[in-house]
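Take the working numbering: the final residue in the sequence shown is number 143, and no numbers are missing along the way. Before any comments, here is the structure.
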Amino acid sequence: VQLQASGGGWVQAGGSLRLSCAASRSIISFDTMGWFRQGPGKQRESVATITISGATYYADSVKGRFTIFRDNAKNTVYLQMNSLEPEGTGVYYCNAQSVTFGYNTFWGQGTQVTVSS
27 VQLQASGGGW VQAGGSLRLS CAASRSIISF DTMGWFRQGP GKQRESVATI TISGATYYAD
87 SVKGRFTIFR DNAKNTVYLQ MNSLEPEGTG VYYCNAQSVT FGYNTFWGQG TQVTVSS
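So, in structure tokens, the structure goes:
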């Protein structure tokens with residue numbers, strides 16, 4: 027399985043970016059998909075998750091500002107990021123998890139987001 031993340035870039039605080047994660051197979055085969063962030067000198071942390079049923083979960087730090095959604099026809103999951111803050115700077119990784127045939131987790135290559143103050 028390949029996950030291709032894109033959409034990162036440089037933005038001023040208060041700006042918006044939309045990240046995309048394109049999967050090499052049908053995303054309805056995954057139980058969950060999500061986005062993780064790794065800031066400079068920090069551990070990787072979960073930012074947003076969407077389940078196969080469409081339920082969504084967010085880190086407290088991004089609630090109300092980020093939205094995760096998917097397009098099953100395009101096998102793509104998106105992360106719309108609004109009102110970005112400098113603390114949002116980091117590498118964003120796409121993740122997919124499946125438990126149908128044992129637990130499997132897949133990672134994309136990451137896309138850099140830089141938010142300047």
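The C-beta atom is built at its ideal place from N, Cα and C for all residues, glycine as well.
Contacts around residue i, its chain only, beta-carbon distance under 7 angstroms, and the 5 residues preceding and following it disregarded
i      : result
GLU111 : ALA39 and VAL141
Cβ-based neighbour list, residue i, same chain, cut-off 8 angstroms, excluding 5 preceding and 5 following
i     : result
ARG44 : GLY33, TYR104, LEU105, GLN106 and MET107
ILE53 : MET59, ARG96, ASN98, ASN101, THR102, VAL103 and ALA122
The beta strand (DSSP E) enclosing residue i, as first and last residue numbers
i      : result
ASN110 : This sequence places Leu at residue 110; Asn is not what is there. LEU110 -> no beta strand (DSSP E), and no H or E assigned at all.
VAL141 : 137-142
TYR119 : 116-124
GLN28  : Element bounds for GLN28: n/a, residue is neither H nor E.
Counterpart residues of residue i in DSSP-defined beta bridges
i      : result
TYR83  : THR75
GLY134 : Per DSSP, none; premise fails for GLY134.
ALA99  : Looking at the DSSP assignment, ALA99 forms no beta bridge with any residue, so it has no partner.
PHE92  : MET107
Exposed unless 16 or more other CB atoms sit within 10 angstroms - verdict on residue i
i      : result
VAL125 : exposed
TRP36  : exposed
TYR119 : buried
GLY60  : buried
THR75  : buried
THR137 : buried
PHE127 : exposed
GLY114 : buried
Those runs of the beta strand (DSSP E) which lie wholly inside the region 39-75 and span at least 3 residues: Within the region 39-75, the complete beta strand (DSSP E) runs of at least 3 residues are 43-49 and 58-64.
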